[in-house]
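Okay, so here's the structure we're looking at.
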């Protein structure tokens with residue numbers, strides 16, 4: 053009887069030291085975690101150091117400075133975003149395709165878009181939906197609202 057109980061316990065615990073995983077819990081645990089905004093800041097720092105572009109990122113930070121709109125070609129709302137590690141990037145948000153984000157210096161925002169390297173720290177653009185459906189949608193979150 054003791055041997056039968058030991059075998060059952062061994063099977064229940066998967067023969068190792070942890071319970072055997074089953075069902076949806078195992079699927080959730082093995083799913084890749086979504087990168088946090090701080091991970092995005094680290095990705096931007098690496099991309100800047102490596103002079104890489106065309107990198108999808110999600111970052112959080114504070115608006116350091118609101119700039120004048122760029123009205124040449126597609127109109128873009130522009131602001132400088134200071135990331136958690138102190139790195140700054142220009143965010144160029146296409147206001148011909150997306151709603152303007154009401155921003156002021158010091159506002160906390162989250163940005164999902166495409167990073168492009170430049171000597172000043174880089175640019176994050178594609179912070180809007182792609183009407184052609186060929187590019188990953190981006191967005192800006194501010195004041196509890198998502199703009200895309």
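Residue numbers (the numbering used here): 53 to 200. Ideal Cβ placement from N, Cα and C applies to all residues, glycine included.
query                                                                                                  : result
Bridge-paired residues (DSSP) for residue 112                                                          : 162
Alpha-carbon to alpha-carbon, residue 133 and residue 174                                              : 11 Å
Which residues DSSP lists as bridging residue 194, in chain order                                      : 161, 197
Buried versus exposed, by CB contacts within 10 Å (16 or more), residue 223                            : The requested residue 223 does not occur in the structure, where the chain is confined to residues 53 to 200.
Backbone CA spacing between residue 145 and residue 179 [nearest angstrom]                             : 6 Å
Same chain only: Cβ atoms within 7 Å of residue 152, ignoring 5 sequence neighbours per side           : 129
Distance, residue 106 Cα to residue 79 Cα                                                              : Because residue 79 sits at a pLDDT of 34, beneath the cut-off of 50, its placement in the model cannot be relied upon, and the following sentence gives the value as read from the coordinates. Rounded to whole angstroms, residue 79 to residue 106 spans 31 Å at the Cα level.
Environment of residue 176 [buried if 16+ CB atoms lie within 10 Å]                                    : buried
Three-state secondary structure (DSSP) of residue 121                                                  : coil
Exposed unless 16 or more other CB atoms sit within 10 angstroms - verdict on residue 110              : buried
Proximal residues to residue 126 (C-beta, below 7 Å), its chain only, five neighbours per side dropped : 146, 148
Per-residue DSSP class, three states only, for residue 99                                              : helix
Range covered by the beta strand (DSSP E) that runs through residue 210                                : Here the chain comprises residues numbered 53 to 200, so residue 210 is not present and cannot be evaluated.
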